[in-house]
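Here the structure is laid out as structure tokens; the discussion comes afterwards.
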Amino acid sequence: MRIRGASPGEWPATEAEAIAAQERLREAADLTGPGPAPDEVRTVAGVDVAYADGGGLVAAAVVLDAATLTVVEESVHAGHTDFPYVPGLLAFRELPSVVAALEGLTRRPDVLVCDGYGIAHPRRAGLAVHLGVLTGVPCYGVAKTPFLFTYEQPGHERGSWSPLTIDGEQVGRALRTRTGVKPVFVSVGSGIGIDHATALTLRLTPAYRQPETTRRADHLCRTRLASSAP
DNA sequence: GCGACAG
DNA sequence: ATCTTGTCGC
-1 MRIRGASPGE WPATEAEAIA AQERLREAAD LTGPGPAPDE VRTVAGVDVA YADGGGLVAA
59 AVVLDAATLT VVEESVHAGH TDFPYVPGLL AFRELPSVVA ALEGLTRRPD VLVCDGYGIA
119 HPRRAGLAVH LGVLTGVPCY GVAKTPFLFT YEQPGHERGS WSPLTIDGEQ VGRALRTRTG
179 VKPVFVSVGS GIGIDHATAL TLRLTPAYRQ PETTRRADHL CRTRLASSAP
């Protein structure tokens, strides 16, 4: 898929620049409307990155058929990053390689699912917001561990959820994807509402806590990194 | 004031 | 994220 505006020319080099860029980005997010309903979603793409020592990395994008959860297409990109991991600035570390992996796809998926957060973020500009704005593809995030918000434990049953709150504002949901298993944290990025994001996530989790999209992408980049290690 | 903090 | 042994359960 082709991605516009991914020019590395004005990529932030410092934390201050990155934070300023996020303040502007949050204005660009499309947080209106429900976005595509699960039944309208034909293909879903998952993205993930695996890191080596010294900045080496492999990014992967995997497109699944939303109905059968079958792999339709895969793309990997081996590269590196100089941006360190800083809580709140994950996007600047992962985005360039993720975009490169997405550009290797021949199709434009209907929805994008990534690791980490969307608006459940200190500046409402998590990785899913960046990706959604940059690609124009409806995008949301599914994270495994809590970040900067408060929430009540959702019900024990698969499908139950509770709101994620920052200063009284709802920024996502703690969603139980498997009965009796720790919840995941869903927050929208751009182009899709939390209801459809929640419903789609449940369709993507027939057997495991994490969405199949994430599992496939994780396995792909991890395997590729291992087989290319020194 | 200090620490914690998606991956 | 990554580094790691054994262990419980289907």
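Positions -1 to 228 (the working numbering) are the ones given, in order, by the first sequence. We put the beta carbon where it would ideally sit given N, CA and C, even for glycine.
Which listed residue (the options) has its alpha carbon closest to that of residue i
i: Glu150; options: Ala172, Gly134, Val140; result: Ala172
i: Thr196; options: Gly178, Ala224, Val60, Pro161; result: Pro161
i: Ala99; options: Gly170, Pro85, Gly44, Glu13; result: Gly44
i: Gly53; options: Glu92, Lys180, His217; result: Glu92
i: Arg2; options: Asp216, Val97, Asp63; result: Val97
i: Ala16; options: Ala48, Val74, Pro32, Pro82; result: Pro82
i: Leu29; options: Arg105, Gly191, Arg40, Glu101; result: Gly191
i: Val111; options: Pro120, Leu125, Gly102, Arg121; result: Leu125
i: Arg24; options: Ser225, Tyr206, Pro120, Ala11; result: Pro120
i: Gln168; options: Gly116, Asp216, Glu155, Arg106; result: Gly116
i: Asp80; options: Ser73, Phe90, Val74; result: Phe90
8 Å Cβ cutoff met for residue i and residue j
i: Gly166; j: Leu129; result: no
i: Asp108; j: Val184; result: no
i: Ala50; j: Ala227; result: yes
i: Phe147; j: Ala123; result: no
i: Arg174; j: Gly153; result: yes
i: Leu200; j: Val56; result: no
i: Leu218; j: Ala58; result: yes
i: Val47; j: Val60; result: no
i: Ala64; j: Val39; result: yes
Coarse secondary structure for residue i, derived from DSSP in three states
i: Gln151; result: coil
i: Gln208; result: coil
i: Gly130; result: helix
i: Gly189; result: coil
i: Pro94; result: helix
i: Arg157; result: Here the sequence assigns Gly to residue 157, which means Arg is not the residue at that position. In the structure shown, Gly157 sits in coil (DSSP, three-state: anything other than H, G, I, E or B).
i: Thr41; result: strand
i: Arg171; result: strand
i: His78; result: strand
i: Gly31; result: coil
i: Ile164; result: strand
Exposed unless 16 or more other CB atoms sit within 10 angstroms - verdict on residue i
i: Arg22; result: exposed
i: Val84; result: exposed
i: Glu210; result: buried
i: Pro204; result: exposed
i: Gly178; result: exposed
i: Arg214; result: buried
i: Ala35; result: exposed
i: Thr104; result: exposed
i: Thr212; result: buried
i: Asp37; result: exposed
Pairwise C-alpha distance: residue j and residue i
i: Gly170; j: His194; result: 12 Å
i: Arg137; j: Gly114; result: Note on identity: in this sequence residue 137 is Cys, with Arg being the wrong assignment. Going by the C-alpha atoms only, they are around 12 Å apart.
i: Ala26; j: Ala19; result: 11 Å
i: Gly189; j: Val140; result: 15 Å
i: Leu67; j: Leu202; result: 7 Å
i: Gly86; j: Trp159; result: 24 Å
i: Met(-1); j: Gly134; result: 11 Å
i: Ile164; j: Phe145; result: 10 Å
i: Gln78; j: Pro181; result: At residue 78 the sequence reads His, which differs from the Gln that was named. His78 and Pro181: Cα-Cα distance of roughly 32 Å.
i: Lys142; j: Gln208; result: 8 Å
i: Val131; j: Pro32; result: 16 Å
i: Glu71; j: Ser95; result: 18 Å
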